[in-house]
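A.B. asks:
There are 4 protein chains.
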Amino acid sequence: MESRLELIVRSTEIDVNGHVNNAKYLEYLEWGREDWYESAELDYAAFLEMGIQTVTVNVNINYRRECVQGDRLTVRTVPLRAGRTSYALKQELIDGNGAVRADAEVTSVCMDAAERKSRELPQRLREMLERGIGPSG
Amino acid sequence: MESRLELIVRSTEIDVNGHVNNAKYLEYLEWGREDWYESAELDYAAFLEMGIQTVTVNVNINYRRECVQGDRLTVRTVPLRAGRTSYALKQELIDGNGAVRADAEVTSVCMDAAERKSRELPQRLREMLERGIGPSG
Amino acid sequence: MESRLELIVRSTEIDVNGHVNNAKYLEYLEWGREDWYESAELDYAAFLEMGIQTVTVNVNINYRRECVQGDRLTVRTVPLRAGRTSYALKQELIDGNGAVRADAEVTSVCMDAAERKSRELPQRLREMLERGIGPSG
Amino acid sequence: MESRLELIVRSTEIDVNGHVNNAKYLEYLEWGREDWYESAELDYAAFLEMGIQTVTVNVNINYRRECVQGDRLTVRTVPLRAGRTSYALKQELIDGNGAVRADAEVTSVCMDAAERKSRELPQRLREMLERGIGPSG
Numbered sequence: 001m002e003s004r005l006e007l008i009v010r011s012t013e014i015d016v017n018g019h020v021n022n023a024k025y026l027e028y029l030e031w032g033r034e035d036w037y038e039s040a041e042l043d044y045a046a047f048l049e050m051g052i053q054t055v056t057v058n059v060n061i062n063y064r065r066e067c068v069q070g071d072r073l074t075v076r077t078v079p080l081r082a083g084r085t086s087y088a089l090k091q092e093l094i095d096g097n098g099a100v101r102a103d104a105e106v107t108s109v110c111m112d113a114a115e116r117k118s119r120e121l122p123q124r125l126r127e128m129l130e131r132g133i134g135p136s137g
Numbered sequence: 138m139e140s141r142l143e144l145i146v147r148s149t150e151i152d153v154n155g156h157v158n159n160a161k162y163l164e165y166l167e168w169g170r171e172d173w174y175e176s177a178e179l180d181y182a183a184f185l186e187m188g189i190q191t192v193t194v195n196v197n198i199n200y201r202r203e204c205v206q207g208d209r210l211t212v213r214t215v216p217l218r219a220g221r222t223s224y225a226l227k228q229e230l231i232d233g234n235g236a237v238r239a240d241a242e243v244t245s246v247c248m249d250a251a252e253r254k255s256r257e258l259p260q261r262l263r264e265m266l267e268r269g270i271g272p273s274g
Numbered sequence: 275m276e277s278r279l280e281l282i283v284r285s286t287e288i289d290v291n292g293h294v295n296n297a298k299y300l301e302y303l304e305w306g307r308e309d310w311y312e313s314a315e316l317d318y319a320a321f322l323e324m325g326i327q328t329v330t331v332n333v334n335i336n337y338r339r340e341c342v343q344g345d346r347l348t349v350r351t352v353p354l355r356a357g358r359t360s361y362a363l364k365q366e367l368i369d370g371n372g373a374v375r376a377d378a379e380v381t382s383v384c385m386d387a388a389e390r391k392s393r394e395l396p397q398r399l400r401e402m403l404e405r406g407i408g409p410s411g
Numbered sequence: 412m413e414s415r416l417e418l419i420v421r422s423t424e425i426d427v428n429g430h431v432n433n434a435k436y437l438e439y440l441e442w443g444r445e446d447w448y449e450s451a452e453l454d455y456a457a458f459l460e461m462g463i464q465t466v467t468v469n470v471n472i473n474y475r476r477e478c479v480q481g482d483r484l485t486v487r488t489v490p491l492r493a494g495r496t497s498y499a500l501k502q503e504l505i506d507g508n509g510a511v512r513a514d515a516e517v518t519s520v521c522m523d524a525a526e527r528k529s530r531e532l533p534q535r536l537r538e539m540l541e542r543g544i545g546p547s548g
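As given, the protein sequences belong to chains S, G, P and C, one line each in that order.
Quick note on my numbering: the first sequence kicks off at 1 and runs consecutively.
Quick note on my numbering: the second sequence kicks off at 138 and runs consecutively.
Quick note on my numbering: the third sequence kicks off at 275 and runs consecutively.
Quick note on my numbering: the fourth sequence kicks off at 412 and runs consecutively.
#1: Name the one or two DSSP bridge partners that residue 364(P) has.
#2: Within this structure, are the beta carbons of residue 229(G) and residue 240(G) separated by less than 7 Å?
#3: Can we count residue 47(S) as close to the ligand ZN, meaning its CB is less than 6 Å from some heavy atom?
#4: From what residue to what residue does the alpha helix (DSSP H) around residue 416(C) run?
#5: Taking 7 Å as the threshold (C-beta atoms), are residue 263(G) and residue 233(G) in contact?
#6: Using a C-beta to C-beta distance shorter than 9 Å, which residues of chain S count as neighbours of residue 292(P)?
#7: Tell me the DSSP secondary structure of residue 71(S) in three-state form.
#8: Name, please, each residue of chain S whose Cβ falls closer than 7 Å to the Cβ of residue 163(G).
#9: Residue 169(G): buried (16+ other C-beta within 10 angstroms of its C-beta) or exposed?
#10: Going by DSSP in three states, residue 54(S) sits in which element: helix, strand or coil?
#11: Quick check on residue 145(S): does DSSP put it in helix, strand or coil?
#12: Which full runs of the alpha helix (DSSP H) of 4+ residues lie inside the region 241-270 of chain G, going along the chain?
#13: Assuming residue 182(G) is part of the alpha helix (DSSP H), what are its boundary residues?
#14: Counting only the same chain and skipping the five closest in sequence on each side, list residues whose C-beta sits under 7 Å from that of residue 333(P).
#15: With distances taken from CA atoms, which of 540(C), 542(C) and 522(C) is nearest residue 458(C)?
#16: Rounded to a whole number of angstroms, what is the C-alpha to C-alpha distance between residue 65(S) and residue 11(S)?
#17: In chain P, which residues lie with their C-beta within 8 Å of the C-beta of residue 12(S)?
#18: Identify whether residue 232(G) lies in helix, strand or coil by the three-state DSSP scheme.
#19: With a cut-off of 7 Å, does the C-beta of residue 92(G) fall near any C-beta of chain P?
#20: Taking the alpha carbon of residue 188(G) as the reference point, which residue from 258(G), 265(G), 268(G) and 269(G) has its own alpha carbon closest?
#21: Can you say whether residue 167(G) is buried or exposed, counting buried as having 16 or more other CB atoms within 10 angstroms of its CB?
#22: Mind checking the region 193-220 of chain G against chain S and listing, in chain order, the residues whose C-beta falls within less than 9 Å of any C-beta there?
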């Protein structure tokens, strides 16, 4: 359960310093998570059917190297932790040489869409997470 | 050495879920840091004169409550740590009732603009940071 | 029926050329239109109650002068035309010296939210538009 | 002299109404123009060498159909007009069925980078434009 999304850095994503602004990295990561959920057949509609919303509660991101216009990057997303009501994905932004431009841990909580309270991870999500974390995870 | 920047959440900052997208929070925080540097009379030009660039190396943000269109928010920025070549600012996004919508620690490194290597914090920045952290900081 | 929204150009709105990117102007204009609708007591909820959605079908914008970080600008929005199912607003982005940085005509169509077909402007919207256009409009 | 750039609509490009916000279309168009300039071997560095900057002075865009997350779109860019100091490109945002989601005319002026005054189109740019417009253009 690993997903890889490819992207190209566009001109409007570059700030006055000539590189990708730090807020934009979080958009790249979100695109990568969407791709992970889709790979896991857990898209927005699937969650909705289960009466669930997932809410991002923490992002911890390390900026390691700058990104510039035209860079071809891969967002790699893998499961990191599965708790009772929360879980974390590990994400890396990798360039064509395999160098990590940024890496992040993104923690989300599973909410009951109607009651707006945290609730246990649905079985399908837990399976997908655990498959990625592995037996020793 | 504390800065407070006021902002109003705009329509184009709202995502499909009806609230401010998590990447947008990092823009709000950047606006707040710009405000802090200006309060400290350490704007872009001042750093440039010293031959220095500051680079964000880590952002650790907790999303606590959602923000919606029309919300009037304050970005509060205070110094948190001052190391030899790096430093951290603490930032909070606060609503009109004093509730914290998000808080973050943002770590930056001081770079020599020419050599692109980390270097010691300039005296002016260190003073501004230490004034905010206080004697027991 | 004229609305004036004030804004300050923020660091993350600046592109690699050091000025506000041309796409960002359209966000400023949208904020201004939201403000105009609110002044006219025609916010999103009011339209929804009437079973109406407004859809932007054309934007014609002239970029006259660049905008840079820290600029304090006013988005001025006034009605320009009221047709049977469509209408246009005139918008200007004005600086503190009264100079026009950009101006635009924005044409929208009134849609039946359920049937997704164009329909006549609701009376309240027509009144607000005509009040702004004036007798010779 | 026609360029075609492919893109996929990403989650963070969707607004509260569930479709791509109208400002975002202008970013897509800018990506397309960058691609056109590159195809014409007229990138930013090439203009800089000639002492030239190009400045967008008008965008006239028709929004024809909404775009939603996951849409695979092509930005098609062709020359439309070549004046003495200004020129226009025609751009279309096309979906996989060949339907036009939006089309636009984008007018730019050639500026002397040092004197900040308009100046004649450089020969290379004029050639690329005229090749696209054709003899009857």
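Note that CB positions come from ideal geometry on N, CA and C, so glycine has one too.
C.D. replies: This is what the structure gives:
#1: As a working mapping, residue 364(P) is identified with position 90 in the third sequence. Paired residue(s): 352(P) and 379(P).
#2: Within the second sequence, the letter at position 92 stands for residue 229(G). Within the second sequence, the letter at position 103 stands for residue 240(G). In this structure, residue 240(G) lies closer than 7 Å to residue 229(G) by Cβ.
#3: For the structure depicted, the ligand ZN is absent and the ligand set is empty, with no information on it obtainable.
#4: Locating residue 416(C) in the fourth sequence gives position 5, counting from the first residue. First-last for residue 416(C): 414-419, but that is the beta strand (DSSP E), not the alpha helix (DSSP H).
#5: For the purposes of this step, residue 233(G) is taken as residue 96 along the second sequence, with counting starting at 1. For the purposes of this step, residue 263(G) is taken as residue 126 along the second sequence, with counting starting at 1. No, the Cβ-Cβ distance between residue 233(G) and residue 263(G) is not below 7 Å.
#6: Taking the first residue of the third sequence as position 1, residue 292(P) is located at position 18. Within 9 Å Cβ-Cβ: 16.
#7: Indexing the first sequence from 1 puts residue 71(S) at position 71. Residue state, collapsed to three classes: coil.
#8: For the purposes of this step, residue 163(G) is identified with residue 26 of the second sequence, where counting begins at 1. Those within 7 Å of residue 163(G) in chain S are 22, 23 and 26.
#9: The sequence position of residue 169(G) within the second sequence is 32, counting from 1. By the 10 Å Cβ count, residue 169(G) comes out buried.
#10: The residue given as residue 54(S) occupies position 54 in the first sequence. Strand at residue 54(S).
#11: Nothing about residue 145(S) can be reported from this structure: the residues present for chain S run from 1 to 137 only.
#12: 260-270
#13: Taking the first residue of the second sequence as position 1, residue 182(G) is located at position 45. Taken as a continuous stretch (DSSP letters only), the alpha helix (DSSP H) holding residue 182(G) covers 181-186.
#14: Counting from one through the third sequence, the residue named residue 333(P) turns up at place 59. Excluding sequence neighbours, residue 333(P) sits near 300, 378 and 380.
#15: Locating residue 458(C) in the fourth sequence gives position 47, where the first residue counts as 1. Out of 540(C), 542(C) and 522(C), 522(C) has the C-alpha closest to the C-alpha of residue 458(C).
#16: In the first sequence, residue 65(S) corresponds to position 65, counting from 1. In the first sequence, residue 11(S) corresponds to position 11, counting from 1. Between residue 65(S) and residue 11(S), the C-alpha separation is close to 18 Å.
#17: In the first sequence, the residue the question calls residue 12(S) occupies position 12. Simply 289, 295 and 297.
#18: Counted from its first residue, the second sequence places residue 232(G) at position 95. Here residue 232(G) sits in coil by DSSP.
#19: Since the first residue shown for chain G is 138 and the last is 274, residue 92(G) is missing from the structure and cannot be characterised.
#20: Against the second sequence, residue 188(G) aligns to sequence position 51. The residue with the shortest Cα to Cα distance from residue 188(G) is 258(G).
#21: Counted from its first residue, the second sequence places residue 167(G) at position 30. Under this definition residue 167(G) is a buried residue.
#22: 193, 194, 195, 196, 197, 198, 199, 200, 201 and 203
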